Each structure stands twice: as structure tokens, then as C-alpha cells.
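Enquirer: Below you will find the structure I want to go over with you.
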Amino acid sequence: MTETLEHPVTVSDSAAKRIAKIIESEPKGTALRVSVEGGGCSGLQYKYDLVTDREDDDLVLEKNGIEVLIDSVSLQYMSGSQIDFVDDLIGQAFQINNPNAVAGCGCGTSFTI
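Quick note: the sequence shown, position 11, residue 12 per the numbering used here, numbers continuous.
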């Protein structure tokens with residue numbers, strides 16, 4: 002899949018559906034913020050927060066009535082990624098398919114660039 006500068010990160014249908022379910026009981030205007038911070042067993046990790054505030058530098062991804070926010074610093078690490086939601090025998094989790102990650106841990110939330 003080729004990414005364009007207009008959409009450097011995408012949200013899968015299953016992720017959008019799960020986000021909608023999570024925020025249905027939250028205040029109007031709630032969005033999922035995905036960010037990258039130092040930590041985890043591979044050096045960097047994804048963080049997920051429900052927020053109602055927007056920052057000036059946020060990339061706002063809209064899909065099926067939901068919004069995902071990514072700040073400009075985190076976007077540098079996530080460019081070209083897809084935010085997905087998986088439900089398998091091991092469990093349910095958001096998963097970021099990041100082409101920039103050269104290594105990751107088994108839990109899927111920690112990675113190295």
C-alpha cells in the first residue's frame with residue numbers, strides 16, 4: 002500500500018469500529034490520541050489516551066465518525082503506519098503496523114527505529 006503525504010497514517014476499519022465502541026459512552030468530541038514516547042523493552046512505545054482537547058500540531062485522522070489524533074513529534078516515528086485492532090486467540094489489542102520499526106517486542110507496543 003502506498004502512503005501519500007496527505008495521509009501519512011491510516012486507520013483500519015476494525016480499529017475505527019473499536020474506537021467508536023470505546024468512545025460511545027465518553028463526552029462528545031472525545032478522540033483517541035496515539036503518541037510515541039521513550040520506554041518499553043525496545044526503546045520506544047505507543048501510548049493511547051482518550052482526550053477532548055486538540056493541539057495545533059495534531060494530525061487529525063477521521064474515519065467512520067471517529068477521530069484519531071497524532072502530534073507532530075510522534076508522527077515522525079509513525080509515518081506510513083496503519084493503526085489496526087486485532088481480536089485473536091491471544092487477546093484483543095490495538096496494533097500499529099509501522100514500516101519504520103526495525104525491531105519490536107512480543108507485546109507489539111514497543112519498537113526500535
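The C-beta atom is built at its ideal place from N, Cα and C for all residues, glycine as well. Being a predicted model, the structure only gives us computed values, none of them experimental.
What are the start and end residues of the alpha helix (DSSP H) that includes Asp14?
Expert: Segment Asp14 to Ile24, the alpha helix (DSSP H) holding Asp14.
Enquirer: Would you mind stating whether Val74 and Ala32 have Cβ atoms separated by less than 9 Å?
Expert: No. Outside cutoff.
Enquirer: Could you give the DSSP three-state label for Val74: helix, strand or coil?
Expert: Residue state, collapsed to three classes: helix.
Enquirer: Report the CB separation of Lys48 from Glu38 in whole angstroms; it is logged as a contact under 8 Å.
Expert: Correct: roughly 5 Å between the Cβ atoms.
Enquirer: How would you label Arg55, buried or exposed, when you count the other beta carbons within 10 angstroms and need 16 or more for buried?
Expert: That one is exposed.
Enquirer: When you compare only the Cα positions, how much space is there between Lys72 and Ile91?
Expert: It is Asp, not Lys, that sits at residue 72 in the sequence shown. Rounded to whole angstroms, Asp72 to Ile91 spans 30 Å at the Cα level.
Enquirer: Whole angstroms is fine: what's the gap from Asp89's alpha carbon to Asp58's?
Expert: For Asp89 and Asp58, the distance between alpha carbons rounds to 35 Å.
Enquirer: Looking only at its own chain, which residues have a Cβ that is under 6 Å from the Cβ of Lys64, when we skip the five neighbours before and after it?
Expert: Closer than 6 Å at Cβ, skipping near neighbours: Val12 and Ala17.
Enquirer: Measure the beta-carbon distance from Val10 to Ser80 and round it to whole angstroms, keeping in mind my assumption that it falls under 8 Å.
Expert: That pair is a contact at about 7 Å.
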